[in-house]
Amino acid sequence: MNTMLRSLSLAAATALALAAAMPALAQSQARRVGPEQLSTYWILLNFGSVQADVPNSGQNLDKPGCVAVTYEIGTDGKPQEAAIKKVEPKSDLGSAALSVVKRFEYGPSLNNGSKKEPVSTYYVVGFNLPEDKAAAKKVTDACRLPGYDQA
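Letter by letter, the sequence shown follows residues 48 to 198 in this note's numbering.
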């Protein structure tokens, strides 16, 4: 009897662990798409109207920098599982970048219209960027993430 209870407890614990891991498993199966190819699947609808929750004080808030935020775009076009992956240079702007990405809204591209295929991607949020495009690109390139299909 005691052995049977242990077996049932082990089975229940295993089932609970699998259920808890399902969201992570689902995310890892989404196609990884770099920012350059994202428009093949999803179109950002509210880019110009998204505001960041920038802290009033903190480290390097006034320096040029970038934050890379990874996330999955679900079938509803909303970012899910958003996480700060890289901050250059070290600063307290990670939470501000996260607030931007969480407010994004996407619509499916013509290629993805009926499928609404979820994808895993990332977005680089630049802060205090120089006006010169080449200099700004140099700052944001520091936050590029490996492992995504990039052109």
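Where is the CB? At the ideal position from N, CA and C, for every residue including glycine.
For a test of the three-state rule: what should DSSP assign to residue i, helix, strand or coil?
i: Gln127; result: strand
i: Gly141; result: helix
i: Ala182; result: helix
i: Leu192; result: coil
i: Val147; result: helix
i: Leu108; result: coil
i: Gly173; result: strand
i: Gly154; result: strand
i: Leu85; result: helix
Could you please give me the residues that DSSP links to residue i through a beta bridge?
i: Gly229; result: Lying before the first or after the last residue shown, residue 229 is absent from the chain, which here runs from 48 to 198.
i: Ser167; result: Arg79 and Glu119
i: Asn91; result: Looking at the sequence itself, residue 91 is Leu, so the reference to Asn does not match. In the DSSP output, where bridge partners are listed per residue, Leu91 has Tyr153.
Would you decide whether residue i is buried or exposed? Buried here means 16 or more other CB atoms lie within 10 Å of its CB.
i: Pro165; result: buried
i: Phe94; result: exposed
i: Leu140; result: buried
i: Ser167; result: buried
i: Gln98; result: exposed
i: Thr122; result: exposed
i: Gly160; result: exposed
Segment contact flag, the stretch 102-116 with the stretch 76-90, C-beta cutoff 8 Å, min 3 pairs: Output reads no: the stretch 76-90 does not touch the stretch 102-116.
Q. Counting pairs of Cβ atoms below 8 Å between the stretch 132-146 and the stretch 106-114, do you hit three or more?
A. The stretch 132-146, when compared against the stretch 106-114, does touch it at the 8 Å Cβ threshold.
Below 8 Å, can you find three or more Cβ-Cβ pairs linking the stretch 183-190 to the stretch 113-129? Output reads yes: the stretch 113-129 touches the stretch 183-190.
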